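Beneath this line is the structure, given in structure tokens, with notes to follow.
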Amino acid sequence: MRYHSITGGFQAMIANTRSFLLSLRNRHFLAVDLLIFAITPALATLVRLEGLEHVDRYVPSIIIYTWVLAICKLGLLWMIGLYHRFWPYASVEALTALVLSAAVVAGGELFVAFGILYPLDLLPVALPRSVPIINAGLTILLLGSTRLAVRVLFELSDHKKGTTPTKPVLIAGAGAAGAMVVKELRMNPQVGLHPVGFLDDDPRKQGVRIHGIPVVGTLADLPTAVRECRSFQVIIAMPTAPGKVV
418 MRYHSITGGF QAMIANTRSF LLSLRNRHFL AVDLLIFAIT PALATLVRLE
468 GLEHVDRYVP SIIIYTWVLA ICKLGLLWMI GLYHRFWPYA SVEALTALVL
518 SAAVVAGGEL FVAFGILYPL DLLPVALPRS VPIINAGLTI LLLGSTRLAV
568 RVLFELSDHK KGTTPTKPVL IAGAGAAGAM VVKELRMNPQ VGLHPVGFLD
618 DDPRKQGVRI HGIPVVGTLA DLPTAVRECR SFQVIIAMPT APGKVV
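With the first letter of the sequence shown counted as 1, position 118 gets the number 535 in our numbering; the numbers rise by one all the way through.
Here is the structure:
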């Protein structure tokens, strides 16, 4: 009884986490980004000064620097399109765009700092010149980690939700179509199938894992794979396979 209670509580927690992640909208990420941009200049200054000593003289400059850069960064991210993505389902392309966006924002910060604020003497007290560099690094780290954390947590909850009884299934074809089948099955647990292995005749794919699912052999190994994986269903994910193979 206690085991079922613990299991039920764990599954409820997974379900709640998944629901929370799916409820996140880009306005939430915008708010998080604004918070990041508001605290990183002060944090970068503390890192540069190695403590609180002498920080008070830089406070007016930190405030001006923070708001000028926050507006510039949010504008850049908006123009790049970072607030038009659904991060729980982020693809490799989306994560690549995230890295590039963070790099562009960091570069924009350095340009504004060293091309405008410092040369035009717009700060009451000039911040140490290493502060923009440290701040740019913190921006890249925090901007990327928030989105990546959402994607990873969603993937983990997707693997462990276990609220629907499922049957093991093998996938014939470890290419793009096979990878898409795995994603669809994981995003749609109501189908009642979970992938346990790939079959593919490409020798380069033998022994590797695709989305965490192993390639267990070639098509000729189907009888053995069925026994070992205890799967009596096979999904054919080979769009160009001839009828004879199917």
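Backbone N, C-alpha and C fix where the C-beta goes; we use that ideal spot for every residue, glycine too.
Quantities reported herein were computed from a predicted structural model and do not represent experimental measurements.
Proximity to residue i [Cα-Cα], best of the options
i: V567; options: T462, R444 and P505; result: P505
i: A448; options: G554, V516 and R564; result: R564
i: L438; options: L570, M655 and A455; result: L570
i: L390; options: R626, P612, I456 and P477; result: The structure shown does not extend to residue 390, since the chain spans only 418 to 663, so no value can be given for it.
i: N552; options: R465, L602 and H501; result: R465
i: L486; options: F531, Y500 and L463; result: F531
i: K584; options: L537, G595, R626 and R603; result: R603
i: N634; options: M496, Y500, I588 and P549; result: In the sequence as displayed, the identity of residue 634 is Gly instead of Asn. It is I588 whose Cα lies nearest to the Cα of G634.
i: L707; options: G595, V598, S518 and I479; result: An answer regarding residue 707 cannot be provided, because it is not within the stretch 418 to 663 covered by the chain.
i: L558; options: A596, Q607, A593 and A519; result: A519
i: L560; options: V586, Y535, L517 and G595; result: L517
i: A594; options: W484, G609, L512 and L616; result: L616
i: W484; options: L441, M496, V509 and V529; result: V529
i: L491; options: V521, E467, F503 and D473; result: V521
i: G592; options: Q650, R644, I630 and Y475; result: I630
i: V643; options: V548, R474, L499 and G614; result: G614
i: C489; options: F503, L463, P606 and L527; result: L527
i: L499; options: I652, N443, Y535 and D638; result: N443
i: R626; options: I497, G525, G590 and A514; result: G590
i: P620; options: G609, H471, L636 and P606; result: L636
i: S436; options: H471, V548, E572 and Y475; result: E572
i: A523; options: G609, I550, E601 and V542; result: I550
i: D596; options: T641, R546 and M655; result: Note that residue 596 is Ala in the sequence shown here, rather than Asp. When only C-alpha atoms are compared, the closest one is M655.
i: R647; options: L610, T657, A511 and D618; result: L610
i: L441; options: R502, K622 and H471; result: R502
Simplified DSSP assignment, three categories, for residue i
i: P545; result: coil
i: A593; result: helix
i: L616; result: strand
i: R419; result: Its pLDDT being 46, under 50, R419 is placed unreliably in this model, and the value from its coordinates should be taken loosely. In this structure, R419 counts as helix in the three-state DSSP scheme.
i: R502; result: coil
i: R442; result: coil
i: N605; result: coil
i: P656; result: coil
i: L555; result: helix
i: L451; result: helix
i: L540; result: coil
Run of the beta strand (DSSP E) containing residue i, from where it starts to where it stops
i: P631; result: I630 to G634
i: F480; result: Going by the sequence as given, residue 480 is Ile instead of Phe. Here I480 belongs to no beta strand (DSSP E); instead the alpha helix (DSSP H) covers V476 to I497.
Residues bridged to residue i (per DSSP)
i: H611; result: P585
i: V651; result: L587
i: I456; result: DSSP, once it has assigned bridges, lists no residue as partnering I456.
i: I627; result: I630
Enclosing alpha helix (DSSP H) for residue i [first to last residue]
i: L534; result: Per DSSP, L534 belongs to no alpha helix (DSSP H) and is neither H nor E.
i: E467; result: Counting along the chain, E467 falls outside any alpha helix (DSSP H), and DSSP gives it neither H nor E.
i: R621; result: Counting along the chain, R621 falls outside any alpha helix (DSSP H), and DSSP gives it neither H nor E.
i: T513; result: V509 to V529
i: L639; result: L639 to C646
Supposed contact pair residue j and residue i - C-beta distance, whole angstroms, cut 8 Å
i: A461; j: L555; result: 6 Å
i: V599; j: P612; result: 5 Å
i: L494; j: D450; result: 7 Å
i: V608; j: Q650; result: Actually they do not touch by this definition, with Cβ atoms about 11 Å apart.
i: Y482; j: L515; result: 24 Å between Cβ atoms; not a contact.
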